[in-house]
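Residue numbers (the working numbering), protein chains in the order written: chain A, 403 to 614; chain B, 403 to 614. Glycine included, each C-beta is placed from N, C-alpha and C at the ideal position. Here the structure comes first, spelled out in structure tokens, and everything after it is commentary.
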DNA sequence: TAGATTGTTAATCGATTAACAATC
DNA sequence: TAGATTGTTAATCGATTAACAATC
């Protein structure tokens with residue numbers, strides 16, 4: 403299975419396929435054609451086939467795709483067959499919400515600890531996860547084989563945290579701080595909540611009909 | 403200022419311009435060229451000019467763009483010159499984080515109440531915002547002129563909530579539930595946190611160099 | 001005026017969609 | 001075998017980038 407440059411657009415669709423296939427499997431659907439899948443997900447059948455063929459052909463002419471096979475292939479493409487250990491820096495609203503959220507566990511992504519500089523928080527725990535002083539970040543990452551660093555701190559601290567996470571050896575950074583990190587070699591996924599909300603404000607005031 | 407179909411890609415860049423210009427203004431920068439702005443934001447100068455020209459020309463040949471003017475134009479494009487009242491359905495992790503988050507207020511977006519069906523939560527308040535029973539959703543939206551509905555409930559409830567929000571008159575929906583809403587006429591912005599995390603997992607396992 | 005930089009048209013690049021031969 | 005549907009190539013569409021005349 404030879405993987406070439408996969409476009410960002412394709413990558414962003416992968417979790418959607420994954421989600422949808424999980425539902426299909428749970429519903430007991432055994433096979434699905436690109437046409438049906440496209441219809442359900444509001445995509446184009448050609449696009450679905452093109453997407454899958456970025457990673458090799460998982461289908462069978464005249465039959466379609468076996469849901470379980472496809473699901474496990476996509477799970478594999480997303481590298482969800484290995485566990486991930488994560489830490490969150492910033493035990494504020496977002497950090498707390500993430501620590502309380504159980505949904506990542508299905509994908510074997512476990513938040514193991516939080517870090518903050520607020521003395522009132524240090525030593526406490528959130529959903530059973532310890533809140534430690536940010537000074538201990540590097541040591542903890544190294545000692546516990548943490549591969550994902552989550553930045554849920556204020557903007558002004560984000561770059562420094564990213565640098566330190568990277569130096570300590572994380573393999574990826576999930577950034578909630580509303581800024582673009584620079585000089586980071588590991589992959590960064592930004593999740594800027596406010597940006598999304600502002601896009602909504604924009605769209606709310608366009609008189610375009612939102613009905614493709 | 404004649405506005406034609408603005409592409410999704412352009413729309414998604416608008417909040418980033420807004421954010422960056424806010425910083426420039428705060429730093430006391432008075433004017434900026436498309437070239438400089440592009441460099442700072444890691445975009446292309448032509449792209450920057452094209453983007454702005456979707457909405458009319460805000461610049462001046464030989465000078466560039468006045469930061470304050472440009473900022474206020476973009477603020478205007480994003481329709482941030484009006485206040486928005488919002489409610490959140492689902493007073494779980496995400497709902498609580500949103501209610502506690504003060505960052506939206508700068509943009510005059512105020513979360514006024516939360517809704518849930520858990521009797522243990524109803525009657526309480528989060529960051530001064532009441533948690534009400536979801537049965538009261540429609541009444542509240544109508545009575546208080548709520549324009550944004552935020553869905554932070556579980557997947558299985560999301561479509562129903564969306565339908566009810568829309569019927570009650572919200573002008574836009576911000577959806578955190580991991581599913582695609584259907585039959586909604588008002589604009590919907592999806593924010594699927596898990597999708598973003600899964601994209602990170604994908605990228606963490608590609609041996610591409612992430613260094614454009 | 002000369003230099004800088006926009007607004008805008010044209011060229012390029014990439015992603016989506018269509019078409020169809022291969023084949024289960 | 002006939003029908004269905006993939007994998008894949010070709011066509012189309014749209015977004016990004018380049019180029020440059022207009023003009024401050």
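Check: Using a Cβ-Cβ distance under 8 Å, would residue 438/A count as near chain B?
Finding: Not closer than 8 Å to any Cβ of chain B, the Cβ of residue 438/A fails to qualify, so no.
Next item on the list: Give every residue of the same chain whose Cβ lies closer than 7 Å to the Cβ of residue 423/B, excluding the five residues on either side of it in the sequence, and list them in chain order.
Entry: Once the five neighbours on either side are set aside, the close Cβ partners of residue 423/B are 469, 472, 473 and 476.
Margin query: Among 500/A, 535/A and 492/A, whose alpha-carbon lies nearest the alpha-carbon of residue 560/A?
Written below: Comparing alpha carbon positions, the residue from 500/A, 535/A and 492/A closest to residue 560/A is 492/A.
Notebook entry, point to check: Mind listing which residues of the stretch 587-606 of chain A have their C-beta closer than 9 Å to chain B's C-betas, in chain order?
Noted result: Per Cβ criterion, the list reads 587, 588, 589, 590, 591, 592, 593, 594, 595, 596, 597, 598, 599, 600, 601, 602, 603, 604, 605 and 606.
Checklist line | 7 Å CB neighbourhood of residue 596/A in its chain, flanking five on each side removed | finding: Residues of the same chain with a CB within less than 7 Å of the CB of residue 596/A, apart from the 5 flanking positions on each side, are 580 in chain order.
Check: Does any C-beta atom of chain A lie closer than 8 Å to the C-beta of residue 574/B?
Finding: Yes, its Cβ sits closer than 8 Å to a Cβ of chain A.
Note to self: For residue 593/B and residue 578/B, which I take to be in contact (beta-carbon distance under 8 Å), what is that distance rounded to the nearest angstrom?
What the structure shows: Contact holds; Cβ gap of about 5 Å.
Check: Taking the C-alpha atoms as reference points, what is the distance between residue 458/B and residue 445/B?
Finding: Whole-angstrom Cα-Cα distance: 19 Å.
Notebook entry, point to check: residue 511/B and residue 554/B: beta carbons closer than 8 Å?
Noted result: Going by beta carbons, residue 511/B and residue 554/B fall outside the 8 Å limit.
Notebook entry, point to check: Under a CB-based cut-off of 8 Å, is residue 564/A close to chain B?
Noted result: Chain B, which has no Cβ nearer than 8 Å to the Cβ of residue 564/A, makes this no.
Notebook entry, point to check: DSSP on residue 554/A, reduced to helix/strand/coil?
Noted result: If DSSP states are grouped into helix, strand and coil, residue 554/A belongs with coil.
Notebook entry, point to check: At least one CB of chain B closer than 8 Å to the CB of residue 502/A: is that the case?
Noted result: Yes - at least one Cβ of chain B is within 8 Å of the one on residue 502/A.
Next item on the list: Identify the continuous alpha helix (DSSP H) that holds residue 503/A and give its terminal residues.
Entry: In the DSSP annotation of this structure, residue 503/A is not part of any alpha helix (DSSP H), being labelled neither H nor E.
Notebook entry, point to check: Looking only at C-alpha atoms, which of 430/A, 456/A, 467/A and 463/A sits nearest to residue 440/A?
Noted result: With respect to the C-alpha of residue 440/A, the residue from 430/A, 456/A, 467/A and 463/A having the closest C-alpha is 467/A.
Note to self: If you follow the beta strand (DSSP E) that residue 532/B is in, where does it begin and where does it stop?
What the structure shows: Unbroken beta strand (DSSP E) run through residue 532/B: 531-535.
Item checked: Contact set for residue 515/B: own chain, Cβ-Cβ below 7 Å, skip 5 residues either direction -> Contacts found: 489, 531, 532, 534 and 542.
Next item on the list: Check the Cβ-Cβ distances between residue 419/A and every residue of chain B, and say whether any is below 8 Å.
Entry: No, residue 419/A lies away from the interface with chain B (no Cβ there is under 8 Å from its Cβ).
Next item on the list: Select from the stretch 503-515 of chain B all residues with a C-beta closer than 8 Å to any C-beta belonging to chain A, and list them in chain order.
Entry: Correct list: 503, 505, 506, 509 and 511.
Note to self: Below 7 Å on C-beta distance, what does residue 580/B contact in chain A?
What the structure shows: Under the 7 Å cutoff, chain A gives 421.
Note to self: Just to make sure I have the definition right: I need the residues of chain A whose C-beta is within less than 8 Å of the C-beta of residue 479/B. Which are they?
What the structure shows: Close partners of residue 479/B in chain A (Cβ separation under 8 Å): 604.
Checklist line | Nearest neighbour of residue 484/B, chosen from 509/B, 583/B and 408/B [CA to CA] | finding: Residue 509/B is the option with its Cα nearest to residue 484/B.
Check: Exposed or buried, which one is residue 417/B when buried takes at least 16 other CB atoms within 10 Å?
Finding: Per the 10 Å Cβ criterion, buried.
Checklist line | Short CB-CB distance (under 8 Å) between residue 498/A and chain B | finding: Yes, its Cβ sits closer than 8 Å to a Cβ of chain B.
Notebook entry, point to check: If we count the other Cβ atoms within 10 Å of its Cβ and call it buried at 16 or more, is residue 429/A buried or exposed?
Noted result: In the assembly as shown, residue 429/A is an exposed residue. Its beta-carbon has fewer than 16 other beta-carbons within 10 Å.
Next item on the list: Could you work out which residues of chain A lie near residue 495/B, taking near to mean beta carbons separated by less than 7 Å?
Entry: Proximity of chain A to residue 495/B at the Cβ level (cut-off 7 Å) is accounted for by 499, 502 and 503, in chain order.
Note to self: Below 8 Å on C-beta distance, what does residue 487/A contact in chain B?
What the structure shows: What residue 487/A touches in chain B: nothing, since even the nearest Cβ is about 12 Å away.
Notebook entry, point to check: If you scan the stretch 539-589 of chain B from start to end, which runs of the alpha helix (DSSP H) of 4 or more residues do you find wholly inside it?
Noted result: With a minimum length of 4 residues, the continuous alpha helix (DSSP H) runs that stay inside the stretch 539-589 of chain B are 539-546 and 557-570.
Note to self: Using beta carbons (cut-off 8 Å, strictly below), is residue 534/B in contact with chain A?
What the structure shows: Interface flag for residue 534/B against chain A is unset, since no Cβ pair is found closer than 8 Å.
Note to self: Can you find the residues in the same chain that come closer than 8 Å, C-beta to C-beta, to residue 403/A, ignoring five residues on each side of it along the sequence?
What the structure shows: Because residue 403/A sits at a pLDDT of 35, beneath the cut-off of 50, its placement in the model cannot be relied upon, and the point is left open.
Note to self: Strictly under 8 Å for the Cβ-Cβ distance: is residue 543/B near chain A by that measure?
What the structure shows: Taking Cβ atoms only, chain A never reaches closer than 8 Å to residue 543/B, which makes this a no.
Margin query: Mapping the DSSP letters down to three states, classify residue 479/B as helix, strand or coil.
Written below: Looking at residue 479/B - three-state DSSP - the assignment turns out to be helix.
Margin query: Does any residue of chain B have a CB that is nearer than 8 Å to the CB of residue 548/A?
Written below: Not an interface residue.
Next item on the list: Measure the C-alpha to C-alpha separation of residue 564/A and residue 549/A and round it to an integer number of angstroms.
Entry: When rounded, the distance between both Cα atoms is 13 Å.
Notebook entry, point to check: Exposed or buried, what is residue 611/B when buried is set at 16 or more other beta-carbons lying within 10 Å of its beta-carbon?
Noted result: A caution first: residue 611/B carries a pLDDT of 41, below 50, which makes its placement in the model unreliable, though a value can still be read off. Exposed: under 16 other Cβ atoms inside 10 Å.
Checklist line | Simplified DSSP assignment, three categories, for residue 597/A | finding: Per DSSP, reduced to three states, the secondary structure at residue 597/A is helical.
Check: Got a sec? Which residues, its chain only, sit under 7 Å from residue 613/A by beta carbon, not counting five neighbours each side?
Finding: With a pLDDT of only 35 at residue 613/A, under the threshold of 50, the placement of this residue in the model should not be trusted; the figure read from the coordinates follows. Close CB contacts of residue 613/A within its chain, under the 7 Å cut and outside five residues either way in sequence, are absent.
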